[in-house]
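Asker: Under this note's numbering, the letters of the sequence shown match residues 400 to 561, in that order. After the structure tokens below, expect a handful of questions from me.
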Amino acid sequence: MLRELILACTRGPHDDTPERLRLRAVLLDQLRASPQQAVQLPAPTDPRLAAVCDLLRRDPADPRRLAALAVTAGAGERTLSRLFRRELGMTFPQWRTQLRLYHALRMLADDLPVTTVAHRCGWSSTSAFIDVFRRAFGYTPGVHNRPRQDEPMAARRVGEPL
């Protein structure tokens, strides 16, 4: 259920419709109620898809589109697009966003400034990063390492490996 909620909340366009706000509220409720687990980013088995994912894991700020990455992997853009959906259960932009958010969590856990994290993870601006982070986690990256009122710091698991 959590996977489907996450996918529904990360599909574009990113607006604050009543439906999306309700979905996000349910997602946050379920995350709070679920046992604390490390964030999972699906890993591919197809070698062409794995090559693209490895490139982006090494450099999440890589700005290349799927077409350019497909050339380096020796595959077509449409083939990779289908592989992302079939093997990883999400589109390329959704997977890249999840990857960037994972790297952002790790950097924030190391107390790097939000602006530095935004640029190292490939967002075009700090405000774009803050917006995506807030939509994904329900709070801004600036308060990420500070305990929230409803949750003691010891209960949070920050930057765990995938």
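From the three backbone atoms N, C-alpha and C, an ideal C-beta is built for every residue, glycine too. Owing to the predicted nature of the structure, the values given are computational and were not obtained by experimental measurement.
1. Buried or exposed for L406, going by 16 or more other Cβ atoms inside 10 Å?
2. Just to confirm before moving on: does the CB-CB distance between R447 and L487 stay below 8 Å?
3. What is the DSSP secondary structure of D445, counted as helix, strand or coil?
4. Take L511 and list the residues in its own chain whose beta-carbon comes closer than 6 Å to its own, dropping the five residues that flank it on each side.
5. Taking the alpha-carbon of L498 as reference, which of L404, D453, R419 and R421 has the nearest alpha-carbon?
6. Quick one: grab the DSSP three-state call for D415.
7. Might you give, ordered along the chain, the residues of its own chain that have their beta carbon closer than 8 Å to the beta carbon of V425, omitting 5 neighbours on each side?
8. Is the separation between the beta-carbon of P459 and that of G541 shorter than 8 Å?
9. Per DSSP, what kind of secondary structure is C520 in: helix, strand or coil?
10. Does DSSP classify M489 as helix, strand or coil?
11. For S523, collect the residues of the same chain with a Cβ closer than 8 Å to its Cβ; drop the 5 residues on either side in sequence, then sort them by chain order.
12. Considering F532, what are the terminal residues of the alpha helix (DSSP H) in which it resides?
13. In three-state terms, what does DSSP make of H543?
14. Alpha carbon to alpha carbon, how far is T444 from F483? Give it in angstroms, no decimals.
Answerer: Looking at the coordinates:
1. With fewer than 16 Cβ atoms within 10 Å of its Cβ, L406 is classed as exposed.
2. No; because the gap between Cβ atoms is not below 8 Å, this pair is not in contact.
3. Coil.
4. Cβ within range, chain order: n/a, list empty.
5. Taking only the C-alpha atoms, the option nearest L498 is D453.
6. Coil at D415, not helix or strand.
7. Non-local C-beta neighbours of V425 in its own chain, meaning closer than 8 Å and more than five positions away in sequence, comprise L404, ordered along the chain.
8. With a cutoff of 8 Å on beta-carbon distance, P459 and G541 are scored as not near each other.
9. C520 falls in the coil class under three-state DSSP.
10. Of the three classes helix, strand and coil, the one that applies to M489 here is coil, per DSSP.
11. No residues qualify anywhere along the chain.
12. Counting along the chain, F532 sits inside the alpha helix (DSSP H) bounded by residues T525 to F536.
13. Reduced to three states, the DSSP call for H543 is coil.
14. Straight-line Cα distance between these residues: approximately 11 Å.
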